[in-house]
Amino acid sequence: MPVYWGIAGYPISHSLTPRLFSLVGEYLGMTAATVYLEARGIDEFASLVEDLEGEVWTSCTAPLKHSPQERLGVNGPEGVNAINQLRRKDGVWSGTSTDGVGFVAACRHIGIEPKGCVLRIRGGGSAARAIAAAWSNEGGRIIAEEGRRPLVSGPWDSAIIDDGDAVIGIDLDAAPAGGDSTPLDAEIQVSISYGDGAKSDEFAVIMVAAQHLEAWRLLFAPERARELPSLSLLLEKLSTA
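Here it is in C-alpha cells:
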C-alpha cells in the first residue's frame with residue numbers, strides 16, 4: 025500500500041494526477057498522502073523522495089521522463105526509452121510508460137478505433153514514441169511530421185506511411201500546460217496539453233485519466249485491475265470533484 029502518491033516534474037501545479045489518484049483510491053478504498061514533487065531534474069527529484077518514508081507512487085512529466093532509467097535503474101518500453109509512471113516499494117524502483125496506451129484508450133473513448141486508421145503525428149519526443157508504438161501495435165498507420173525533432177526509427181517502422189487521409193492528428197510539440205498546437209491535415213486534431221480549468225470532455229483530460237487508469241493496471245495495483253472504475257466513470261467523478 026502506498027504511503028504517498030502524486031506528481032513529479034515541472035511544471036506540475038496544473039496537474040490533474042493528484043486528483044485522479046484520490047478518486048481512484050477512494051473507489052478502491054485506499055488512501056495516501058498527496059505530494060507535488062516539483063523537480064527540474066533527477067537530482068532534485070531524488071532529494072525530494074529521499075525524505076519520503078514508505079511506498080511511493082508517482083506520475084512524472086517533463087523533464088523527468090528519461091532520467092529515471094539511468095539513475096533509478098528503471099527501463100522504459102522498447103523504442104520508447106522513457107517512463108512516466110514510477111513506484112518505489114521496499115526501496116526498489118519500478119516504472120512504465122502509459123502515454124501510448126492512454127492515447128489509444130482516449131481515442132477509443134471518442135469513437136476512433138486505431139486499426140487501419142491513419143494518425144498524423146508531429147514531434148519525436150518520448151510521448152510521440154510511446155504513442156507511435158501503441159498505435160502501430162493496434163494496427164494503425166502513421167504519418168510522421170518533423171517538429172523540433174524527427175520520429176526516430178523504432179518498433180513502429182512498419183506502420184509509417186508517406187501520405188494518406190489522416191483521421192486524427194496530434195502536435196506533440198505543443199507547450200505543456202495548455203500550449204497552442206500547430207494545425208495538422210487531419211479530420212480532427214487533438215491535444216494532450218491542458219492547463220488550469222480544463223474540462224473533463226477535453227481530449228487532453230480524457231487521455232490523462234486513461235493513462236492514469238493504465239498505470240494502476242500495469243504498475244501500481246495490477247492485482248486489482250478488475251476492480252478499477254471505467255474511464256467514463258472516472259471522468260464523471262473528475263467533473264464533479
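Just remember that the numbering used here sits 24 ahead of the position in the sequence shown, which is counted from 1. Every residue, glycine too, gets a C-beta built ideally from N, C-alpha and C.
- With contacts defined by Cβ atoms closer than 7 angstroms, I107 and P87 do not form a contacting pair.
- Between G149 and Q235 the beta-carbon gap is near 16 angstroms, outside 8 angstroms, which marks them as no contact.
- I212: member of the beta strand (DSSP E) spanning I212 to V214, first to last residue.
- For G124 against L110, the beta-carbon gap comes to about 17 angstroms, at or over 8 angstroms, which does not count as contact.
- Remark: three or more beta-carbon pairs, one from each stretch, lie closer than 8 angstroms, so the region 186 to 196 and the region 145 to 160 are flagged as touching.
- The region 29 to 81 contains, as complete alpha helix (DSSP H) runs of 4+ residues, the segments 41 to 52 and 66 to 74 (chain order).
- Of the residues L255, M54, S71 and L61, the one whose Cα lies closest to the Cα of F227 is L255.
- Under DSSP, A168 forms a beta bridge with I145.
- By the Cβ neighbour-count rule, L258 is buried, with 16 or more other Cβ atoms within 10 Å of its own.
- L252 places its beta carbon 7 angstroms or farther from that of S224.
- As the crow flies, the alpha-carbon of T41 is around 12 angstroms from that of Y218.
- Collapsing the DSSP output to three states places L242 in a helix.
- Within the model, the alpha-carbon separation for P138 versus V128 is close to 7 angstroms.
- In this model, C131 and T58 are separated by some 29 angstroms (Cα to Cα).
- Taken through DSSP and simplified to helix, strand or coil, L262 comes out as helix.
- The three-state reading of DSSP puts R250 in helix, counting H, G and I together.
- Distance check between D195 and each of P101, D181 and T206 places T206 closest, using alpha-carbon atoms only.
- Within its own chain, the residues whose Cβ lies closer than 6 angstroms to the Cβ of R241, once the five positions on either side in sequence are excluded, are A249, listed in chain order.
- With a 10 Å radius around the Cβ and a threshold of 16 neighbouring Cβ atoms, S83 comes out buried.
- The C-alpha of V229 lies about 19 angstroms from the C-alpha of Y60.
- Spanning the alpha carbons of H38 and I31 requires a straight line of approximately 10 angstroms.
- Ranked by Cα distance from E68, the options G100, F45, G78 and G33 are led by G33.
- Comparing alpha-carbon positions, the option among K89, I184 and G140 lying closest to A63 turns out to be K89.
- Counting along the chain, I134 sits inside no alpha helix (DSSP H), nor does DSSP assign it H or E at all.
- The alpha-carbon of T122 is positioned some 12 angstroms away from that of F244.
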